[in-house]
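*Asks:* My numbering puts the first residue of the sequence shown at 187, with every later residue one more than the last. Glycine residues also receive a C-beta, built at the ideal position from the N, C-alpha and C atoms. Note that the structure is predicted; figures quoted are calculated from it, not measured.
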Amino acid sequence: QLQRLLKDNPSLQARLEEFIADAYIDSVLVAAKETGMEESAFPAQYPYTQEDLLNPEFYPGLEH
């Protein structure tokens with residue numbers, strides 16, 4: 187879905203790093219709450235690259 191969104195809206199590519207960082211912060215907060223773990227237990231920054239995120243082969247166990 188993300189690849190399609192970027193294809194349809196190429197101007198979003200320039201802000202992808204910002205979107206990833208914002209989404210990761212929110213995800214850490216949710217994960218910490220759901221698991222009962224401290225936020226500090228998670229990496230401070232998203233540990234993967236844009237290329238990883240956009241690569242469907244990167245996600246093990248997902249049907250392609």
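Within the continuous alpha helix (DSSP H) that includes serine 213, where are the two ends?
*Replies:* Within the sequence shown, residue 213 is the residue found at index 27, counting from 1. Counting along the chain, the alpha helix (DSSP H) containing serine 213 begins and ends at 202-221.
*Asks:* Give the secondary structure of glutamine 236 by DSSP, where H, G and I count as helix, E and B as strand, and everything else as coil.
*Replies:* For this step, residue 236 is matched to residue 50 along the sequence shown. The answer is helix: DSSP assigns glutamine 236 an H, G or I state.
*Asks:* Which residue comes first and which comes last in the alpha helix (DSSP H) that contains leucine 192?
*Replies:* Position 6 of the sequence shown, counted from the first residue, corresponds to residue 192. 188-194 is the span of the alpha helix (DSSP H), which, as asked, contains leucine 192.
*Asks:* When you compare only the Cα positions, how much space is there between phenylalanine 228 and tyrosine 234?
*Replies:* Here the question's residue 228 lines up with position 42 in the sequence shown. Here the question's residue 234 lines up with position 48 in the sequence shown. Near 13 Å, if we compare the C-alpha coordinates of tyrosine 234 and phenylalanine 228.
*Asks:* Where does valine 214 land, buried or exposed, given buried means 16+ other C-beta within 10 angstroms?
*Replies:* Start at 1 with the first residue of the sequence shown, and residue 214 comes out as number 28. Flag for valine 214 reads buried.
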